[in-house]
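Residue numbers (the working numbering), protein chains in the order written: chain A, 1 to 463; chain B, 464 to 557.
For glycine and all other residues, C-beta sits at the position ideal for the given N, C-alpha and C.
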């Protein structure tokens, strides 16, 4: 069993372990395993030497983190899995990095990802695909695949990733760890390379729900550098009872029969413990992914404009480009991967004059309906319980030629992004040695219910 | 179906040069995604407001004060290729 933050802290308190030893043991695990999984893009060999004092009162003291490579760590490379940023060195710390460092965490390295977080398998990395530690022929999920592997394979206590359409929860499901996307507006994105700004959130990967909650507490809060962040007042729950809703639309189309069986078994286990489970309906579920596709591509095309080789990114030799126009075309043509190019082109199309209303505005209207479905649902129940993914981890190379099939991996996760809701993946069973994940979703800013419910389920499913 | 000319125009608007392989694959891939998103035309959204942002969000203005950031700016400029007198030197535009 890989060590949790709590366990590492306990061992340090009992003087069985020093914080430097903890770092060294993770470093040796990385050395032993990274050749196989390709989880880490850079490793901070000097991390142990930088521990100057141990302040046991800090919530993250002694904990060792890996960080998705689209989150800036000052003085270290930050590639976002792209050739265009191969040599980019972060000039400052992202707010989430400042926060975990202040609270005692040590950072051990940066993790592999789909280029600019666009993908569901970590095969779209310019630095080679990552591999699932449960079966090296399978993908780890994505886009935060490396971060999920790091936690699943004992390379760190915990990790930070980013989730735009499922990029934390889906790889967490494929690798069998806890992965949480917070409410939109709770965690600062300052210093995080943007993908689709109305969806992006940073969140934790951890061994347990308890650890994920500790990390969430550490990284959330208002930040002047991300103007959608708010200081919300955490509500105290009046009762310990939780009412669970299971949306029937998640069990009909596109889901593998064996995943369905594992999830249904998990649901009946919690029912047997006296937790109330009711079936509910989210009528617009089948429109979530197409809505997401349009809005995401549109926002991607705008956000990616900055990678032009002038302000950021690689630069081609002067003699290739005669005009500035040519320079842009060459820099972006050579520096960006195919998935990224396709999404930029699609977004350029959906935002162009004549198509803007038919695609972009239409999608935002449907997004309203999806949001309303969710509001209605949370008037009846405290949390929703769904499968995280419709399939088990697939083979490397299996879906890379079929982008639509790849995007369907996110069919159960995008709704939480469209509606800005907090959601968490937790392992709930295995099929043929591969993990199956369940997703718990709560209302906006209701993280306290999300964690309370997830802890109950985790305990029941581990029995 | 996307014709090559349309893709060429979109790629140019996106400031992306497509190589031969991308030129062959991308039209077909875009086509399959566009067919999929056509699904949205099934829903009647008359009278539904677009959700451009979440209802709780408020307009945020920061205090009107210049921040002392010279060190940070210097750090950021370290990354840039050419610079002169505290400015970045870029390619000529015309």
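- Three-way DSSP call (helix, strand, coil) for residue 293 of chain A in this model: Within the first chain, the letter at position 293 stands for residue 293 of chain A. The answer is helix: DSSP assigns residue 293 of chain A an H, G or I state.
- Item | Residue environment, residue 257 of chain A, which counts as buried when at least 16 other CB atoms sit within 10 Å | Position 257 of the first chain, counted from the start, is the residue given in the question as residue 257 of chain A. When all chains shown are included, residue 257 of chain A counts as exposed.
- Option in A/353, A/254, A/387, A/369 with minimal Cα separation from residue 288 of chain A: Taking the first chain and counting its residues from 1, one reaches residue 288 of chain A at position 288. Looking at the Cα atoms, A/369 is the closest of the given residues.
- Item | Presumed contact (8 Å Cβ cut-off) between residue 514 of chain B and residue 364 of chain A, rounded CB distance | Within the second chain, the letter at position 51 stands for residue 514 of chain B. Within the first chain, the letter at position 364 stands for residue 364 of chain A. Sure, about 6 Å apart at Cβ, within 8 Å.
- Using a Cβ-Cβ cut-off of 7 Å, state whether residue 494 of chain B counts as contacting chain A. One-based indexing of the second chain puts residue 494 of chain B at position 31. Not an interface residue.
- Query: Given a threshold of 16 other Cβ atoms within 10 Å of its Cβ, counted over all protein chains shown, does residue 518 of chain B qualify as buried or as exposed?
  - Reply: The residue you call residue 518 of chain B lines up with position 55 of the second chain. That one is exposed.
- Taking 7 Å as the cut-off, decide whether the C-beta atoms of residue 8 of chain A and residue 22 of chain A are in contact. Indexing the first chain from 1 puts residue 8 of chain A at position 8. Indexing the first chain from 1 puts residue 22 of chain A at position 22. Yes, they are a contact pair.
- Message: So if I threshold CB-CB distances at 7 Å, which residues from the segment 6–18 of chain A count as touching chain B?
- Response: none
- Query: Is the Cβ of residue 227 of chain A closer than 7 Å to any Cβ of chain B?
  - Reply: Counting from 1 along the first chain, the entry for residue 227 of chain A is found at position 227. Interface residue, yes.
- Query: Start and end of the beta strand (DSSP E) containing residue 247 of chain A?
  - Reply: As a working mapping, residue 247 of chain A is identified with position 247 in the first chain. First-last of the beta strand (DSSP E) with residue 247 of chain A: 243–247.
- Query: When the distance is taken between beta carbons, is residue 183 of chain A closer than 7 Å to residue 445 of chain A?
  - Reply: For the purposes of this step, residue 445 of chain A is taken as residue 445 along the first chain, with counting starting at 1. For the purposes of this step, residue 183 of chain A is taken as residue 183 along the first chain, with counting starting at 1. Yes.
- Task: State yes or no: is the C-beta of residue 146 of chain A within less than 7 Å of the C-beta of residue 112 of chain A?
- Result: Here residue 146 of chain A is taken as the residue at index 146 of the first chain, counted from 1. Here residue 112 of chain A is taken as the residue at index 112 of the first chain, counted from 1. In contact: residue 146 of chain A and residue 112 of chain A (Cβ atoms closer than 7 Å).
- Message: 7 Å is my cut-off, CB to CB: does residue 513 of chain B come that close to chain A?
- Response: Mapped onto the second chain, residue 513 of chain B falls at position 50. Chain A, which has a Cβ nearer than 7 Å to the Cβ of residue 513 of chain B, makes this yes.
- Item | CB contact below 7 Å: residue 195 of chain A versus chain B | Residue 195 of chain A sits at position 195 when you count from the first residue of the first chain. Chain B contact via Cβ: absent.
- Item | C-beta contact flag for residue 177 of chain A and residue 152 of chain A at 7 Å | Position 177 of the first chain, counted from the start, is the residue given in the question as residue 177 of chain A. Position 152 of the first chain, counted from the start, is the residue given in the question as residue 152 of chain A. Yes, the Cβ-Cβ distance between residue 177 of chain A and residue 152 of chain A is below 7 Å.
- Item | Contacting residues, own chain, Cβ-Cβ under 6 Å from residue 199 of chain A (five flanking each side not counted) | By 1-based counting over the first chain, the position of residue 199 of chain A is 199. Around residue 199 of chain A: 164, 417.
- Message: Please report the distance separating the alpha-carbon of residue 207 of chain A from that of residue 299 of chain A.
- Response: If you number the first chain from 1, residue 207 of chain A lands on position 207. If you number the first chain from 1, residue 299 of chain A lands on position 299. Each residue's Cα considered, the two are about 33 Å apart.
- Query: Which runs of the alpha helix (DSSP H), 4 residues or longer, sit entirely within the segment 243–288 of chain A?
  - Reply: 257–272
- residue 187 of chain A to residue 204 of chain A span [Cα, whole Å]: Stepping through the first chain from its first residue, residue 187 of chain A is reached at position 187. Stepping through the first chain from its first residue, residue 204 of chain A is reached at position 204. The alpha-carbon atoms of residue 187 of chain A and residue 204 of chain A are separated by roughly 11 Å.
- Query: Cβ of residue 333 of chain A less than 7 Å from any chain B Cβ?
  - Reply: By 1-based counting over the first chain, the position of residue 333 of chain A is 333. At least one chain B Cβ lies under 7 Å of residue 333 of chain A.
- Task: Starting from residue 476 of chain B, trace the alpha helix (DSSP H) both ways and give me its first and last residue.
- Result: Here the question's residue 476 of chain B lines up with position 13 in the second chain. Residues 467–476.
- Below 7 Å between beta carbons: does that hold for residue 179 of chain A and residue 168 of chain A? To locate residue 179 of chain A, count along the first chain from 1; it is residue 179. To locate residue 168 of chain A, count along the first chain from 1; it is residue 168. Cβ atoms of residue 179 of chain A and residue 168 of chain A: closer than 7 Å.
- To which residues does DSSP link residue 538 of chain B through a beta bridge? To locate residue 538 of chain B, count along the second chain from 1; it is residue 75. Per DSSP, none; premise fails for residue 538 of chain B.
- Message: Using CA atoms only, rank isn't needed, just tell me which of A/410, A/358, A/35, A/457 is closest to residue 174 of chain A.
- Response: In the first chain, residue 174 of chain A corresponds to position 174, counting from 1. Among A/410, A/358, A/35, A/457, the Cα nearest to that of residue 174 of chain A belongs to A/410.
- Message: For residue 197 of chain A and residue 215 of chain A, what's the separation of their Cα atoms in angstroms?
- Response: Taking the first chain and counting its residues from 1, the one referred to as residue 197 of chain A is at position 197. Taking the first chain and counting its residues from 1, the one referred to as residue 215 of chain A is at position 215. C-alpha separation (whole angstroms): 22 Å.
- Check the DSSP bridge columns for residue 435 of chain A and list the partner residues they point to. Counting from 1 along the first chain, the entry for residue 435 of chain A is found at position 435. A/430.
- Using a cut-off of 8 Å between C-beta atoms, extract the partners of residue 190 of chain A located in chain B. Taking the first chain and counting its residues from 1, one reaches residue 190 of chain A at position 190. Correct list: empty, because the minimum Cβ distance to chain B is about 12 Å.
- Message: Please report the straight-line C-alpha distance between residue 86 of chain A and residue 397 of chain A, rounded to a whole angstrom.
- Response: Within the first chain, numbered from 1, the residue matching residue 86 of chain A stands at position 86. Within the first chain, numbered from 1, the residue matching residue 397 of chain A stands at position 397. Cα to Cα, residue 86 of chain A sits roughly 24 Å from residue 397 of chain A.
- Query: Among residues of its own chain, excluding the 5 on either side of residue 193 of chain A, which ones have a beta-carbon nearer than 6 Å to its beta-carbon?
  - Reply: What you label residue 193 of chain A is simply residue 193 of the first chain in a count that begins at 1. If we look at residue 193 of chain A and ignore the five residues flanking it on each side, its Cβ neighbours are 70, 80.
- Message: Here's a check: name, in chain order, each residue in its chain whose Cβ is nearer than 8 Å to the Cβ of residue 226 of chain A, leaving out the five neighbours to either side.
- Response: Locating residue 226 of chain A in the first chain gives position 226, where the first residue counts as 1. The residues are 95, 188, 189, 190.
- Query: Candidates A/354, A/458, A/394: which alpha carbon is nearest residue 171 of chain A's?
  - Reply: Walking along the first chain from the start, residue 171 of chain A turns up at place 171. Out of A/354, A/458, A/394, A/394 has the C-alpha closest to the C-alpha of residue 171 of chain A.
- Query: Pairing CB atoms from the segment 370–389 of chain A with CB atoms from the segment 241–248 of chain A, are three or more of them under 8 Å?
  - Reply: yes
- Message: At the 7 Å Cβ level, is residue 345 of chain A part of the contact set with chain B, yes or no?
- Response: On the first chain, residue 345 of chain A is found 345 positions in, with the first residue counted as 1. At least one chain B Cβ lies under 7 Å of residue 345 of chain A.
- Item | Anticipated Cβ contact below 8 Å, residue 44 of chain A with residue 72 of chain A, distance rounded | For the purposes of this step, residue 44 of chain A is identified with residue 44 of the first chain, where counting begins at 1. For the purposes of this step, residue 72 of chain A is identified with residue 72 of the first chain, where counting begins at 1. At roughly 14 Å, the Cβ-Cβ gap does not stay under 8 Å, so residue 44 of chain A and residue 72 of chain A are not in contact.
- Query: Is the distance from the Cβ of residue 345 of chain A to the Cβ of residue 473 of chain B below 7 Å?
  - Reply: As a working note, residue 345 of chain A is residue 345 in the first chain. As a working note, residue 473 of chain B is residue 10 in the second chain. Yes, the pair counts as a contact, with Cβ atoms nearer than the cut-off.
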